[in-house]
Structure formats: C-alpha cells, structure tokens
Amino acid sequence: EDKVVQSPLSLVVHEGDTVTLNCSYEVTNFRSLLWYKQEKKAPTFLFMLTSSGIEKKSGRLSSILDKKELSSILNITATQTGDSAIYLCAARPFNAGNMLTFGGGTRLMVKP
Amino acid sequence: SQTIHQWPATLVQPVGSPLSLECTVEGTSNPNLYWYRQAAGRGLQLLFYSVGIGQISSEVPQNLSASRPQDRQFILSSKKLLLSDSGFYLCAWSVSGMSYNEQFFGPGTRLTVL
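Going down the list, the protein sequences come from chains A and E.
Heads up: the first sequence runs through residues 514 to 625, numbered per the numbering used here.
Heads up: the second sequence runs through residues 116 to 229, numbered per the numbering used here.
The following block contains the structure:
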C-alpha cells in the first residue's frame, strides 16, 4: 500500500524565520511528488517534482526531490504571516487515473 | 479557463439521513475526477476517482458511493449517513491521460453529521 508521511505535524515560527518541511514516500512505480498549500478551503498547487536533485523555486518557496532517500523537502525563507497554512505533499505513481496519495500535512503557523 | 464548483458549501445532516454532494467542472472535456475527504486539519484521503462517464473506482470501502452521470459532473452520495462521515469533502479534477498533470481542487463542502 502506498504511503506518504509528512513531518513535523505542526510548526510555529516567527516572521522572518526559515522553515523546512519534510515529506517521505513509499509508492510503487513512483512518478512525481506534488506540494500543495491549503489555507482555508481548496488546496492550491505549489510544485511538482519528478527529477531528483533539481530544485524548483517560486519566490521564497523552494522544493527538491531525493529519489534515493524517497523524500522531498519544502523550504520557506523569510516567512510571513500569510505563509500560515497546511502544507500537503502527495505522491503520484504511473497510473491512468493520475491518482495521488496524500500525506497528513504539516500545519505551519507564522506569528508576527 | 477551467473552474470547478462544489455545492453545498456547508451541510448539517442527522445520522441516518441521505447525502448528495455535487461537483461540476467547466472549461475542459473528459477530465479525471476525484472525491477526497479531509479530517479536521489533516491530509486528504482519496475516496473515489473517475476517468470517464459511468467509470468509478473506489479506494476506501464505506457507506459512500459516487456517480458520474455526465462528463463534467461528479456526485458523492450516501443512503444513510454515519457520525464518522463528518469532514471536509473536496472534489478535484485533472487533465486525462498519463501525462504530467497536477490536480485542481474545488472549494469543498464541510459536512457535519449530528
């Protein structure tokens, strides 16, 4: 059975801090790993990672995949209160249905 | 551009009552469609997915069912709700096929079963 585990479960930091969120996966026929940010309702897409060792970057957020370690990290530098959210990672195998297996999420709270 | 709608936004139902949640997608054809449930503040559990009209795959055995009567319509149903059915239900879509596609989520329905 495919499994995705995120750590930590929750995190409280102050504005300006840098945070690293972890995601590990056990997925048969792994294809890619996705990161989402969920603030109030719908998760919004952040990154999709397919190749190991290649960093993807968007502003203060960056993410990288390590296929050898079956893991990924999401970094947020110079955090702001608007970064407060649940961050979800999901692993996608090769399959016709494009199904994702989600981790339990990391709840990040950034205090002013 | 593509948009995804869900309704109702919130729902309070007694135990044993029926359920029908609806999801529709606009601006695309033959999408893959998904129903997820999210427990309070936690990750998403895939309930059902569909690659076409009338084609439903269930990931978790339970008292819920799904149907896809039209290409861009996905319905989640139950004949008798349980307390454990409470949660946040999210519908999502992705471009069909095995290509490099992320899923896009609807606004969700918060269901409380009393």
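Backbone N, C-alpha and C define an ideal beta-carbon position, used for all residues, glycine too.
When the cut-off is 9 Å and only beta carbons count, does residue i lie next to chain A?
i, result
"residue 189(E)", "no"
"residue 142(E)", "no"
"residue 159(E)", "yes"
"residue 223(E)", "yes"
"residue 178(E)", "no"
"residue 145(E)", "no"
"residue 205(E)", "yes"
"residue 174(E)", "yes"
Give the residues of chain A in contact with residue i, contact being defined as C-beta atoms less than 7 Å apart.
i, result
"residue 216(E)", "611"
Establish whether the CB of residue i and some CB of chain E are separated by less than 9 Å.
i, result
"residue 623(A)", "no"
"residue 604(A)", "no"
"residue 578(A)", "no"
"residue 541(A)", "no"
"residue 525(A)", "no"
"residue 532(A)", "no"
"residue 594(A)", "no"
"residue 590(A)", "no"
Quick check on residue i: buried or exposed, where buried means 16 or more other Cβ atoms within 10 Å of its Cβ?
i, result
"residue 611(A)", "buried"
"residue 175(E)", "exposed"
"residue 122(E)", "exposed"
"residue 568(A)", "exposed"
"residue 217(E)", "buried"
"residue 158(E)", "buried"
"residue 144(E)", "exposed"
For residue i, go through chain A and note every residue whose CB falls closer than 9 Å to its CB, in chain order.
i, result
"residue 220(E)", "549, 551, 554, 555, 556, 557, 558"
Which whole-angstrom value describes the C-beta separation of residue i and residue j, a residue pair presumed to lie in contact below a C-beta threshold of 8 Å?
i, j, result
"residue 547(A)", "residue 603(A)", "5 Å"
"residue 201(E)", "residue 192(E)", "Going by Cβ atoms, the distance from residue 201(E) to residue 192(E) rounds to 16 Å, so no, they are not a contact pair."
"residue 198(E)", "residue 228(E)", "5 Å"
"residue 517(A)", "residue 614(A)", "5 Å"
By the criterion of Cβ-Cβ separation under 8 Å, what are the contact partners of residue i in chain E?
i, result
"residue 601(A)", "158, 159"
List, in chain order, every chain A residue whose beta-carbon is nearer than 8 Å to that of residue i.
i, result
"residue 209(E)", "611"
Listing by chain order, which chain E residues have their CB less than 9 Å from the CB of residue i?
i, result
"residue 618(A)", "153, 156, 157, 158, 159"
### Task
For the stretch 123-196 of chain E, list the beta strand (DSSP E) runs that are entirely contained and at least 3 residues long, ordered along the chain.
125-128, 134-141, 147-153, 159-167, 170-173, 179-185, 188-193
### Message
I'd like the ranges of any alpha helix (DSSP H) spanning at least 4 consecutive residues and lying wholly in the stretch 557-613 of chain A.
### Response
none
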